[in-house]
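First comes the structure, then the notes that go with it.
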Amino acid sequence: MYATTYHKPKTLSEAVELFEGSEDASYLSGGHTLIPTLKSRLAAPQHLIDVRNIPDLASSIEVTADKIIIGSATRHHIVAASKEIQAVVPALSGLAGSIGDVQVRHMGTIGGSTANNDPAADYPSAVLSLDAIVHTDRRSIPAEEYFQGLYTTALEPGEILVRVEFNIPEIAGYAKFRNPASRYSMAAAFVSKHRDGHIRVAITGAGNEGVFRWTEAEERLTESLTAEALEGLTIDPSRMMGDMHAPADYRAHLVAVMTRRAVQNLGGTHIL
Amino acid sequence: MSRVTITINGKAETRDVEDRTLLVQFIREHVGLTGTHVGCDTTQCGACTVHLDGRAVKSCTVLAVAADGSQVMTIEGLADGATLHPMQQAFHEHHGLQCGYCTPGMIMASVDMVRRHDGELDEHTVRHELEGNICRCTGYHNIVKAVLDAAGKHRAAKNVAPVEAAE
């Protein structure tokens, strides 16, 4: 990678000041998306601002009667192993446990994943499906306003993601089909039935604008939360990514299959 | 440039390094411990796996400066003098390597796995949790046998210990 200068601020304001005082800076959390990006020279920020030392982001999991609140710097293996989360939303802890591999899960964080919004990332589907609120150093953004396209979120330059607050659903399931070589998601579906009855189907890995809600599937599942209710429902391939890992029509097929599998695995995960 | 101190295999190592220096470069090039390998560009192969503050991580994807003040264990830190670590012994006995390039990473990942599961491992779990380590030579089955053997020895050592304490 190109030369860069590393900083480890101790407070949110110090971090933001460093960012705003630099011509070209990136925040660094677990680094397991950013550092590979820098190594391949796809990006070359002059300043890396490591946010893991900031108390506001600290690794933390709070489960209340209605919410799961996770600090940005919380690593995937912690969420995966959390008995509190397993007890209420096993699809969420299962999702975290399916990210990358053991070594990646020992470093990667929910804040980094959510702030980056990689189209193949897992967490954005849970954030969208569980109607989460993304709390930053300056405001709170509801999920439906947060995701704005490939690698694009509502975060302003310098804004730091501090906590993610998920609603606990009545039940949820996560199904993912990984590319057998790269292990990245080619299509994944996070299906939730919320306590007031509304259904959310969030698709990741497949859409050409990143994570999205499959509203037609939501309508079908509102009538009946069964795989049968989705029979015959297809998604337009023109909405899908097509690349060397999978053409758009194959992704469209996988999206429909994974949505059915998520419904068949409510209360857990189905990871292929 | 930053002054970075990392305790590697129990010994504090201080070097002045560029901030872009990866932990694997610090270990290999600055400290001279070349048992940890670089096998890919994409954080996939796991040949660089070390223990960072007790957990298996891919050292090619951690900045040395970000690991300042940390404890690192590399493959060189496993043996006790001339006595191989039980995992190393198991890889030897079960022919869990051919060219040996992935082996340090496989062993470090496997030691971490046995510790996390306290030796309670089955074949399915071993294969699943070695997904971060790629081997081109062996087809994995002798690696899996080695890890299961070491896990079994870990369990046996757990069961033996209370009896020894009573004596």
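Which chain is which? The protein sequence lines are P and X, in order. Residue numbering for the first sequence follows my numbering, starting at 79 and increasing by one per position. Residue numbering for the second sequence follows my numbering, starting at 32 and increasing by one per position. C-beta: ideal position from N, C-alpha, C; glycine also. Computed from a predicted structure; not experimentally measured.
Identity of the residues DSSP links to residue i by a beta bridge
| i | result |
| --- | --- |
| residue 351 (chain P) | There is no way to answer for residue 351 (chain P), as the model of chain P reaches only from 79 to 350. |
| residue 286 (chain P) | P:288 |
| residue 252 (chain P) | P:268, P:347 |
| residue 110 (chain P) | Answer is none; residue 110 (chain P) lacks a bridge partner. |
| residue 148 (chain P) | P:139, P:242 |
| residue 83 (chain X) | X:86, X:103 |
| residue 312 (chain P) | DSSP, once it has assigned bridges, lists no residue as partnering residue 312 (chain P). |
| residue 111 (chain X) | X:114 |
The alpha helix (DSSP H) enclosing residue i, as first and last residue numbers
| i | result |
| --- | --- |
| residue 194 (chain P) | 188-194 |
| residue 144 (chain X) | 134-148 |
| residue 336 (chain P) | 326-342 |
| residue 93 (chain P) | 90-98 |
| residue 306 (chain P) | Per DSSP, residue 306 (chain P) belongs to no alpha helix (DSSP H) and is neither H nor E. |
| residue 88 (chain X) | No alpha helix (DSSP H) holds residue 88 (chain X); the beta strand (DSSP E) holding it covers 86-89. |
| residue 123 (chain X) | 117-124 |
DSSP-derived helix/strand/coil call for residue i
| i | result |
| --- | --- |
| residue 118 (chain P) | coil |
| residue 62 (chain X) | coil |
| residue 245 (chain P) | strand |
| residue 400 (chain P) | Residue numbering for chain P in the displayed model covers 79 to 350; residue 400 (chain P) lies beyond these limits and cannot be assessed. |
| residue 77 (chain X) | coil |
| residue 167 (chain P) | coil |
| residue 319 (chain P) | coil |
| residue 102 (chain X) | strand |
| residue 181 (chain X) | helix |
| residue 346 (chain P) | strand |
| residue 130 (chain P) | coil |
| residue 141 (chain P) | strand |
| residue 85 (chain P) | strand |
| residue 197 (chain X) | Interpretation of residue 197 (chain X) is limited by its pLDDT of 48, a score under 50 that renders its predicted location unreliable; the figure taken from the coordinates is listed afterwards. It is helical. |
| residue 167 (chain X) | coil |
| residue 37 (chain X) | strand |
| residue 172 (chain P) | helix |
| residue 92 (chain X) | helix |
| residue 128 (chain X) | coil |
| residue 161 (chain X) | coil |
| residue 55 (chain X) | helix |
| residue 174 (chain X) | helix |
| residue 155 (chain X) | helix |
| residue 187 (chain X) | helix |
| residue 280 (chain P) | strand |
| residue 259 (chain P) | coil |
Exposure of residue i, with buried meaning 16 or more beta-carbon neighbours within 10 Å
| i | result |
| --- | --- |
| residue 120 (chain P) | exposed |
| residue 98 (chain P) | exposed |
| residue 190 (chain X) | exposed |
| residue 273 (chain P) | exposed |
| residue 226 (chain P) | exposed |
| residue 107 (chain P) | buried |
| residue 230 (chain P) | exposed |
| residue 282 (chain P) | buried |
| residue 155 (chain X) | exposed |
| residue 351 (chain P) | Since the displayed chain P opens at 79 and closes at 350, residue 351 (chain P) lies outside it and no answer follows. |
| residue 80 (chain P) | exposed |
| residue 196 (chain X) | Summary for residue 196 (chain X): the model assigns pLDDT 49, below 50, so the residue's position carries little reliability, and this model does not support an answer. |
| residue 217 (chain P) | exposed |
| residue 100 (chain X) | exposed |
| residue 319 (chain P) | buried |
| residue 160 (chain X) | buried |
| residue 220 (chain P) | exposed |
| residue 68 (chain X) | buried |
| residue 97 (chain X) | buried |
| residue 153 (chain P) | buried |
| residue 181 (chain P) | buried |
| residue 322 (chain P) | exposed |
| residue 295 (chain P) | buried |
| residue 32 (chain X) | exposed |
Terminal residues of the beta strand (DSSP E) in which residue i lies
| i | result |
| --- | --- |
| residue 269 (chain P) | 263-271 |
| residue 156 (chain P) | From DSSP, residue 156 (chain P) is part of no beta strand (DSSP E) but of the alpha helix (DSSP H) over 154-159. |
| residue 180 (chain P) | Not the beta strand (DSSP E): residue 180 (chain P) falls in the alpha helix (DSSP H), residues 180-183. |
| residue 44 (chain X) | 42-48 |
Beta-carbon neighbours of residue i, restricted to chain A and to distances below 7 Å
| i | result |
| --- | --- |
| residue 220 (chain P) | This model lacks chain A altogether, as its protein chains are P and X. |
* Which parts of the region 190-237 of chain P are runs of the beta strand (DSSP E), unbroken and 3 residues or longer, counting only runs that do not cross its ends? -> Here the runs fully enclosed are 211-214, 218-220, 225-227.
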